[in-house]
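Each residue of the sequence shown is one higher than the one before, counting from 8 in the working numbering. Contents: one structure, followed by commentary.
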Amino acid sequence: QMAKELAPQQFWAISNGVPMCAETDTGDGIRMAMEIGAAVCGFGGTIDFCGKTGASTDNRVPLFPSFIVNQKGRRFVNEDATYAFHYRAIFQQESQLDGPTYMIFGENSLSDDFARWDAETLEQDLADGVVIKADSIEALAEKIDVDAENLKATLQTWNAETENGEDNQFERYTGLQPLSGPFYAYQNKPFNLGAIGGVKINTDAQAMNNNGEVIPGLYAAGLNAGGWIGPYYPGSGTAIMGTVHWGRKAGAHAASL
């Protein structure tokens, strides 16, 4: 309910993906602060990733040859950007177009050193319907219900540019190889570690109300605090860093009173 009210991407992620945060992570700290008048801010992005696509929390580079498309069959993001950045873009596309997004790869992608599947895991995912296979890109488009002409054009552009080691659309720099059939599609699914956003604080980690006034004796740190991260989670360790930094600031200020 809290995600539905305050954090649209978090609500999308836990509704459509795999929640991986602790069951006890229900926002109690934020709720208690709100009950005594604290303002909240910074809700928007989440800590979403997907190991299947290479967009995992270790930011592994390089990404294997593949690209991500929306319901219209078009690319919309640099796929080797940090995981939460492109999952923010995935959320926006799926919300705007009311449909899933897919990672597209070719048979030749599977021989890449950084391929996300081996023969055994691919066979299992095909059997489970997690991965979809087709002999042609047009047939794949039909199976996943995206615009066939656009997907074909996206593939042609990708192959032409990566033949020269380039990505002029999004300036990606890893996994730049043409794709050849048969072709595969994996529907993106967020693995969610929680939301960003929380209690509004000042530079001493003091909680503030909606008038911008300090609430004496109340502090917030880490992911209980909002507004210090930005529109998307920037990468591995940021949440831990925020816990350490803002906890130290709160403690130092409290000790000075």
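Even for Gly, the Cβ is constructed at its ideal location relative to N, Cα and C.
Legend entry - Bridge partners - residue 208, DSSP secondary structure assignment: The count along the sequence shown starts at 1 and reaches residue 208 at position 201. Answer is 214.
Inset, instruction - Pick helix, strand or coil for residue 110, following the three-state DSSP scheme. - result: Numbered from its first residue, the sequence shown carries residue 110 at position 103. Strand, per DSSP.
Inset, instruction - Give a yes or no on whether the C-beta atoms belonging to residue 205 and residue 37 are separated by under 8 Å. - result: Position 198 of the sequence shown, counting from 1, holds the residue named residue 205. Position 30 of the sequence shown, counting from 1, holds the residue named residue 37. It is a contact, given that the beta carbons lie within the stated cut-off.
Inset, instruction - Would you check if the distance between the CB atom of residue 53 and the CB atom of residue 202 is smaller than 8 Å? - result: In the sequence shown, residue 53 corresponds to position 46, counting from 1. In the sequence shown, residue 202 corresponds to position 195, counting from 1. In this structure, residue 202 lies closer than 8 Å to residue 53 by Cβ.
Legend entry - Closest residue to residue 18 among 118, 99, 88, 57 (Cα-Cα distance): Taking the first residue of the sequence shown as 1, we reach residue 18 at position 11. Measuring from the Cα of residue 18, the nearest candidate turns out to be 99.
Inset, instruction - Starting from the C-beta of residue 191, find all residues in its chain whose C-beta is less than 6 Å away, skip the five residues before and the five after it, and write them out in chain order. - result: Stepping through the sequence shown from its first residue, residue 191 is reached at position 184. If we look at residue 191 and ignore the five residues flanking it on each side, its Cβ neighbours are 112, 138, 140.
Inset, instruction - Could you spell out the range, first to last residue, of the beta strand (DSSP E) harbouring residue 203? - result: For the purposes of this step, residue 203 is taken as the residue at position 196 of the sequence shown. Careful: residue 203 lies outside any beta strand (DSSP E) and carries neither H nor E.
Inset, instruction - Starting from the Cα of residue 135, find the closest Cα among 120, 194, 241, 57 and give me that residue. - result: For the purposes of this step, residue 135 is taken as the residue at position 128 of the sequence shown. Checked all of 120, 194, 241, 57; the closest Cα to residue 135 is 194.
Inset, instruction - Give me the Cβ distance between residue 86 and residue 75, rounded to the nearest whole Å; I'm assuming they're in contact under 8 Å. - result: Numbered from 1 along the sequence shown, position 79 holds the residue referred to as residue 86. Numbered from 1 along the sequence shown, position 68 holds the residue referred to as residue 75. Yes, they are in contact, since the Cβ atoms of residue 86 and residue 75 sit about 5 Å apart, within 8 Å.
Legend entry - Burial state of residue 215 (16 or more Cβ within 10 Å): Here residue 215 is taken as the residue at index 208 of the sequence shown, counted from 1. Here residue 215 is buried. Its C-beta has 16 or more other C-beta atoms within 10 Å.
Legend entry - residue 77 to residue 224 span [Cα, whole Å]: Within the sequence shown, residue 77 is the residue found at index 70, counting from 1. Within the sequence shown, residue 224 is the residue found at index 217, counting from 1. Rounded to the nearest whole angstrom, the C-alpha separation of residue 77 and residue 224 is 48 Å.
Inset, instruction - Determine the DSSP secondary structure at residue 261, reduced to helix, strand or coil. - result: For the purposes of this step, residue 261 is taken as the residue at position 254 of the sequence shown. Three-state result, residue 261: helix.
Legend entry - Proximity below 8 Å, CB of residue 20 to CB of residue 197: One-based indexing of the sequence shown puts residue 20 at position 13. One-based indexing of the sequence shown puts residue 197 at position 190. Result yes, Cβ atoms of residue 20 and residue 197 sit closer than 8 Å.
Inset, instruction - Flag residue 36 as yes when its Cβ comes closer than 7 Å to any non-hydrogen atom of the ligand NAP, and as no otherwise. - result: This structure does not include the ligand NAP; it has no bound ligands of any sort.
Inset, instruction - For residue 93, collect the residues of the same chain with a Cβ closer than 8 Å to its Cβ; drop the 5 residues on either side in sequence, then sort them by chain order. - result: Against the sequence shown, residue 93 aligns to sequence position 86. Answer for residue 93: 62, 75, 84, 85, 86, listed in chain order.
Inset, instruction - Indicate whether residue 22 and residue 115 have their beta-carbon atoms separated by less than 8 Å. - result: In the sequence shown, residue 22 corresponds to position 15, counting from 1. In the sequence shown, residue 115 corresponds to position 108, counting from 1. No, Cβ-Cβ distance for residue 22 and residue 115 is not below 8 Å.
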